[in-house]
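According to the numbering used here, the sequence shown is numbered sequentially starting from 17. Step one of this worksheet: look at the structure below.
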Amino acid sequence: MKILAIESSCDETSAAIVEGAKTDPAVKIIANNTASSLPTHSKTGGIIPEAAAREQVKFIIPVIKKTLEDANLSFSSQNPPDLDAIAVTIGPGLIGSLLVGVETAKTLSFIWNKPIIPVNHLIGHIYANFVEQTTDYRLQTTVDSRPSTVLASIEFPAIVLVVSGGHTDLILLKNNGKITWLGGTRDDAAGECFDKCARMLGYAYPGGPVISELAQKGNSKNFTLPHPMSGSKDLDFSFSGLKTAFAKLLTENFNIQKGGFNKKTNTWEQTPLINLLENKEQQKLYDLCASLEDTIVDSLIDKAILAIQTKHVEQLIVAGGVAANKKLKMKLKTKLGELGVKLYIPEPKLCTDNGAMIASAAFFTKPNNMPLNLQANPNLSLSS
Ligand code: KG4
Ligand code: ZN
17 MKILAIESSC DETSAAIVEG AKTDPAVKII ANNTASSLPT HSKTGGIIPE AAAREQVKFI
77 IPVIKKTLED ANLSFSSQNP PDLDAIAVTI GPGLIGSLLV GVETAKTLSF IWNKPIIPVN
137 HLIGHIYANF VEQTTDYRLQ TTVDSRPSTV LASIEFPAIV LVVSGGHTDL ILLKNNGKIT
197 WLGGTRDDAA GECFDKCARM LGYAYPGGPV ISELAQKGNS KNFTLPHPMS GSKDLDFSFS
257 GLKTAFAKLL TENFNIQKGG FNKKTNTWEQ TPLINLLENK EQQKLYDLCA SLEDTIVDSL
317 IDKAILAIQT KHVEQLIVAG GVAANKKLKM KLKTKLGELG VKLYIPEPKL CTDNGAMIAS
377 AAFFTKPNNM PLNLQANPNL SLSS
């Protein structure tokens with residue numbers, strides 16, 4: 017089965033063609049292309065939904081066309097390409113961005129007479145783990161030492177930690193497509209905490225990679241931040257108090273220069289704080305970033321382990337943009353290795369938004385019987 021998938025939920029426009037079968041341990045990418053509107057958003061300091069939607073309109077056809085070409089498939093109404101279905105992200109996400117992908121998918125489904133498979137973006141992130149990786153990167157624990165050319169099938173049941181810019185959830189995946197939501201964030205998502213703290217330091221979205229880079233040079237022990245919901249026995253998270261504590265330490269320890277919108281250049285401008293500091297002060301900022309990263313990572317790991325223990329499972333799947341965080345992967349690998357729990361994380365380029373993960377999820381999702389009635393849903397939840 018060969019699927020063309022379209023992902024357009026936020027600032028990335030992605031299309032992929034993926035081939036495989038439900039029974040395969042992982043599906044194979046034939047082509048996968050992503051265009052990002054981040055350069056546009058860095059001028060405003062954050063994503064403006066209307067601007068993101070306009071960029072989606074600009075990119076969607078070129079990205080799909082390139083993907084079909086890469087897969088040696090034609091792009092014409094007379095000659096439908098050799099595809100079994102078209103999959104598309106229907107939510108959650110920004111409504112303007114989602115509509116571009118959904119309406120394009122409906123049009124292609126109509127002119128080519130192909131079934132359409134609506135995919136939940138968060139389920140897509142999970143199924144990035146079921147896409148063939150460059151190496152057997154996905155399986156991270158040393159418990160299983162199969163050679164890297166052999167793709168291990170993910171075993172069930174598994175706990176899934178979904179950590180993206182807008183979501184932080186723990187779910188139980190009993191089998192392909194059978195999910196039970198166990199808990200989630202009560203306020204900000206983990207990625208959102210990274211993004212908002214990075215913004216305080218003068219960086220535009222996405223903040224996770226930049227905080228992580230600064231943190232590498234720091235010592236987390238030199239700043240103490242509150243560990244959110246530590247000791248609570250539920251499977252919920254909270255990151256907004258942490259963001260406030262970070263802001264407090266920042267103003268107490270550094271002379272912050274406020275940036276903002278420059279009317280002359282018509283752009284959002286802020287010199288990153290690190291560039292305004294002396295060497296000794298820079299080290300302090302690295303330490304603060306290291307403490308922030310460690311606190312977020314520890315909070316995610318503690319609750320993931322609690323879920324693993326309460327549900328008595330032996331597999332953890334991590335998904336979403338924050339899964340690209342090296343510290344999270346390193347600490348999970350050590351802790352789960354000690355517990356004998358297998359850990360699956362996609363390779364970094366499959367952690368952030370991409371079409372291949374949507375195609376992969378489509379193998380386990382029912383097609384829509386009335387494709388032209390398909391609706392984007394910006395608030396789609398994991399349980400719907
Ligand atoms: O899944 P994703 O690409 O988009 C959403 O669905 O939200 O995730 C984006 C999020 C952003 O918050 C970004 O800062 C975070 O993932 N992220 C990271 C890293 N790479 C991306 N957070 C921490 N460390 C990273 N290396
Ligand atoms: Zn995402």
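We put the beta carbon where it would ideally sit given N, CA and C, even for glycine.
Legend entry - First and last residue of the uninterrupted alpha helix (DSSP H) at Gln72: 65 to 86
Inset, instruction - Flag this pair as yes or no: are the beta carbons of Met373 and Gly218 separated by less than 7 Å? - result: no
Inset, instruction - Could you tell me the distance, in whole angstroms, from the CA atom of Leu114 to the CA atom of Lys264? - result: 36 Å
Inset, instruction - Output the residue ranges of the beta strand (DSSP E) runs that lie fully inside the region 336 to 393 and measure 3 residues or longer, sorted by chain position. - result: 358 to 360
Inset, instruction - Would you check whether the ligand KG4 has a heavy atom nearer than 6 Å to the C-beta of Asn389? - result: no
Legend entry - CB contact flag (Leu258, Cys209, <7 Å): yes
Inset, instruction - Determine the extent of the alpha helix (DSSP H) in which Pro55 is found, giving its start and end residues. - result: 54 to 58
Inset, instruction - Could you round the C-beta distance between Lys323 and Leu251 to whole angstroms and report it? I think they count as a contact, below 8 Å. - result: What sits at residue 323 in the sequence shown is Ala, not Lys. That belief holds up - the Cβ atoms of Ala323 and Leu251 are roughly 5 Å apart, short of 8 Å.
Legend entry - Any heavy atom of the ligand ZN within less than 5 Å of residue CB: hits in chain order: Ser180, Asp369
Legend entry - Contacting residues, own chain, Cβ-Cβ under 8 Å from Asn384 (five flanking each side not counted): Pro131, Ile132, Ile133, Pro134, Leu390
Legend entry - Beta-carbon proximity of Tyr302 to Gly62, cut-off 7 Å: no
Legend entry - Distance, Gln72 Cα to Leu54 Cα: 12 Å
Legend entry - Buried versus exposed call for Arg162 [16 or more other C-beta atoms within 10 Å across all chains shown]: Residue placement at Arg162 is flagged as unreliable, the pLDDT there being 40, under the threshold of 50; the coordinate-derived value follows with that caveat. Looking at its Cβ environment, which holds fewer than 16 other Cβ atoms inside 10 Å, Arg162 is exposed.
Legend entry - Inter-stretch contact at 8 Å, needing at least 3 Cβ pairs: the region 354 to 368 / the region 80 to 97: no
Inset, instruction - Ignore the nearest five residues each way along the sequence and tell me which others in Ile317's own chain have a CB closer than 7 Å to its CB. - result: Lys347, Leu348, Lys351
Legend entry - Candidates Met17, Ile19, Leu20, Ser30, of which the one nearest Leu366 by Cα: Ser30
Legend entry - Cβ neighbour criterion (16 or more within 10 Å) applied to Leu388: exposed
Legend entry - Residues bridged to Asp185 [DSSP beta-bridge criterion]: Val178, Gly200
Inset, instruction - Tell me, to the nearest whole angstrom, how far the beta carbon of Ser376 is from that of Phe146; I am working on the premise that it is less than 8 Å. - result: 5 Å
Inset, instruction - Any chance you could list the beta strand (DSSP E) runs of at least 3 consecutive residues sitting entirely within the region 290 to 340, in chain order? - result: 331 to 335
Inset, instruction - Report whether the distance from the Cβ of Val338 to the nearest heavy atom of the ligand KG4 is below 6 Å. - result: yes
Legend entry - Per-residue burial, Thr281 [other beta carbons within 10 Å of its own, 16 or more giving buried]: exposed
Inset, instruction - Report the three-state DSSP secondary structure of Ala37 (helix, strand or coil). - result: coil
Legend entry - Where the alpha helix (DSSP H) through Ile106 begins and ends: From DSSP, Ile106 is part of no alpha helix (DSSP H) but of the beta strand (DSSP E) over 101 to 107.
Legend entry - Contact check, Ile102 vs Ala121, beta carbons under 7 Å: yes
Inset, instruction - State buried or exposed for Asp160, treating a residue as buried only when at least 16 other CB atoms are found within 10 Å of its CB. - result: With a pLDDT of only 44 at Asp160, under the threshold of 50, the placement of this residue in the model should not be trusted; the figure read from the coordinates follows. Burial call: exposed.
Inset, instruction - Return yes when the C-beta of Phe210 is under 6 Å from any heavy atom of the ligand KG4, and no when it is not. - result: yes
Inset, instruction - Using only the heavy atoms of the ligand KG4, determine whether one of them is closer than 6 Å to the beta carbon of Gly107. - result: no
Legend entry - Cβ-Cβ distance between Phe253 and Thr311 below 7 Å: no
Inset, instruction - May I ask you to check if the CB of Ser256 is nearer than 6 Å to at least one heavy atom of the ligand KG4? - result: no
Legend entry - Classification of Gln232 by the beta-carbon crowding that lies within 10 angstroms, buried from 16 upward: exposed
Inset, instruction - Would you kindly work out how many angstroms separate the C-alpha atoms of Gly109 and Ala67, rounded to a whole number? - result: 14 Å
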